[in-house]
Every structure is written in C-alpha cells, then in structure tokens.
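What follows is the structure in structure tokens.
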C-alpha cells in the first residue's frame, strides 16, 4: 500500500491544540514567538501540520523570506519540526516530516530550506542527525548552531543537587543562608521588574542582545495561557536583586533571561534563583532542564557558571539545509550574504 503524506496550513486555534501533543514542543515553536521573529526578520510565517495516511506526524512553524523579482528565498525552521510523542517510531516520524517539508519548500517552491531541530537526549540527537543526512539535507554554517548543557531532572532532587560541582554547591548554600524571598508569577509586574534589572545588567556589562528582556515581556502578552513564561524575582531587603524568565513546554524547561544587580551578584542570588527554577520544573514533571545555550569563548564566566551544574554538553541537530538545483540557489546564497553584511553595518 502506498503511504500518503500531506502538508497543510493550520489556524492558530488548531496550532495551539496540536503543538501541545509533542514532547519537543518549545517556545520557538509557539505561534506568538514565530510571528514575532518573522516580523523582526522581515519574513512571513507559516504554520503547517504534516499527516501520514490521515495521522498527524508533526507540525512546524516556518519563516519564509522570499527574494523579489527573481524568485527563490529561504524557509527556516527553528526548534522544529515537532515530532516526538514518546513512541519507538518517533525518529521515523521525523524523517517523514523532513521529506515532506523538503518536497514542499525546496522542490515545489524553489526555496532553500534550513532547519535547526529541537534538542533531545544524546541518543536522539545522533539519530536525528542521521535522519537529516538520509533525507537530502547537508550541514550549513549559514545559521548558528545551538550548544548547551542539558540537565536530567527526572530523578530525586537530592541526586540532582549532589551532581553539582563542589564550588556550585557551596555558592548555593551561601545563597540559601541569605534568606532571600523568591516570588513567582506570570503577570506584567514581574516582567517590568526583570526588565529594570536587565537594563542595569546591560549598562554594567555593555553588551547587546537581539532578543532581550523587553522582547520576552512583549511576547508574554501574546502567548496563549498554557504557553506563558514563568518569571521569578529574588528580593533582598524588600528590593528585587535578581530575576529569571523561563519557558516550560514539552518535557524541557529552558531559562531565557537571567539578570542580577550588584547586590544580587554579591549575595549569590543567581545560584538560588537557578536552583529554585529547577525545583519548579521538576515538580511540574519535566524531564530536562536546558541551561539556555553556552559560548565557552565569547562568554567564559557564564559558561563556567552553567558548567558547574554538571549537565550533558550537547549540540542540537543542525543547522541543516536543502537547496533547489540550478541558478536560483546561488542567487539566494549571494543575496543572503549581502543582507547579513548590510545588517552588521547598520
């Protein structure tokens, strides 16, 4: 019997219901995030579901940026497609989705399709990478890879804590001795305080971030209720000294923003805040805590802070891409280089 695979656009209401079925659901594959990123990147956003013999096998938010006049362009999937539902055939579902997406965006529309897949366990990442190689995709350096520490929290919290480095455990005890008050919530007042802390942090360290605290605060108002970020505030002497924004979707928690002021830094507030967020994720039944990306050379201090939690150092599968044959792929590649050069100069 011939298998019939199909791709179709979905409405927001249907998307919100479908995405939550997948264990690899993540903030990048929420409707609101995908739309916000598409607007920032001067792209269009498409939300599609993929069926095989009328069975849903995956969904993906796809950002599409087309080249005017000549045609072609780039279709980009970040943190997708979503395919894991906890079955033995999940990896086959991923391969099917890649084949369907490639047929639609590359073969039919003549676009370069670039995908950075969701992070999983070491075994899943290896098998997913093999699926890309078997389905006409090749590695590319045109987009950033995603390297992080992934902490297994599907075990007793005492075991999680015992796995931290001696230095990390000592600083966590120091934070706990300060008797901080930690408040949690999802309301705008939490994000306002975190944005103020973030602005002070940025003023102190003089760095730029494409997606900063203000971005996530704005996004919070657009997310559906079940997808909203959790915010944590540490108070010392009734004053906010540290804050964290995190996403808890699928089977993984990921912190998106962590900011401390000078008082919080002196009193090890980041250690207490990070541990509290792990406890929250564990209590909600999540399996993993993704430490939110690492840059060993560009940000050594943060890298060492995260390394002390002794998670698995992993790289998400990708980015991979598949391009159409002929001259249009070369034109798309040249246009992308020019666009990035102009963006850096701006």
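Numbering (the numbering used here), first residue to last: 1 to 346. Think of the CB as a built atom: it goes at the ideal place given N, C-alpha and C, for glycine as much as any other residue.
Rounded to the nearest whole angstrom, the CA to CA distance from residue 49 to residue 235 is 44 Å.
At a Cβ-Cβ threshold of 9 Å, residue 58 and residue 117 do not count as neighbours.
Here DSSP, grouped into helix, strand and coil, assigns residue 153 to coil.
Positions of the beta strand (DSSP E) runs, each at least 3 residues long and wholly inside the stretch 175-209, are given as 181-185 in order along the chain. For residue 320, the uninterrupted beta strand (DSSP E) segment begins and ends at 320-322. Comparing alpha carbon positions, the residue from 23, 24, 4 and 30 closest to residue 14 is 30.
Just so you know, the alpha carbons of residue 293 and residue 316 end up roughly 10 Å apart. For residue 247, the beta-bridge partners assigned by DSSP are 254. Between the C-alpha atoms of residue 27 and residue 34 there is a straight-line separation of about 9 Å.
By the beta-carbon neighbour count (other beta carbons within 10 angstroms, threshold 16), residue 233 is buried. Look at the beta carbons and you see the stretch 126-141 touching the stretch 93-102: at least three pairs across the two are nearer than 8 Å. For a cut-off of 8 Å, the C-beta gap from residue 154 to residue 287 is around 4 Å, short enough to register as a contact. By the Cβ criterion, the stretch 269-278 is not in contact with the stretch 120-128, since fewer than three pairs of Cβ atoms, one from each stretch, lie closer than 8 Å. Per DSSP, residue 61 is one residue of the beta strand (DSSP E) stretching across 55-66. The beta carbon of residue 62 is closer than 6 Å to those of 46, 75 and 77 in its chain, skipping five residues each way along the sequence.
Less than 9 Å divides the Cβ of residue 197 from the Cβ of residue 240.
The beta carbon of residue 183 sits closer than 6 Å to the beta carbons of 233 from its chain, once the five residues preceding and following it are set aside; these are given in chain order. Between residue 257 and residue 290, the gap from beta carbon to beta carbon reaches 9 Å or more. In this structure, residue 165 and residue 310 form a Cβ contact; the two beta carbons are roughly 6 Å apart against a cut-off of 8 Å. Going by DSSP, residue 97 is part of the alpha helix (DSSP H) stretching over 90-102.
Taking the Cα positions, residue 156 is about 36 Å away from residue 210.
In this structure, residue 19 and residue 101 do not form a Cβ contact; the two beta carbons are roughly 16 Å apart against a cut-off of 8 Å. Among the bridge pairs identified by DSSP, residue 239 is matched with 236.
Close CB contacts of residue 120 within its chain, under the 6 Å cut and outside five residues either way in sequence, are absent. Taking a C-beta distance under 9 Å as the contact criterion, residue 84 and residue 150 do not qualify as a contact pair. For residue 72, the closest C-alpha among the options 12, 105, 142 and 56 is that of 105.
About 5 Å separates the beta carbon of residue 322 from that of residue 113, a gap short enough to meet the 8 Å contact definition. Using a Cβ distance threshold of 9 Å, residue 145 and residue 255 do not count as a contacting pair.
Nearest neighbour of residue 142 by Cα position, chosen from 115, 51, 66 and 88, turns out to be 115.
Here DSSP, grouped into helix, strand and coil, assigns residue 122 to helix.
In this structure residue 300 is exposed. Its beta-carbon is surrounded by fewer than 16 other beta-carbon atoms within 10 angstroms.
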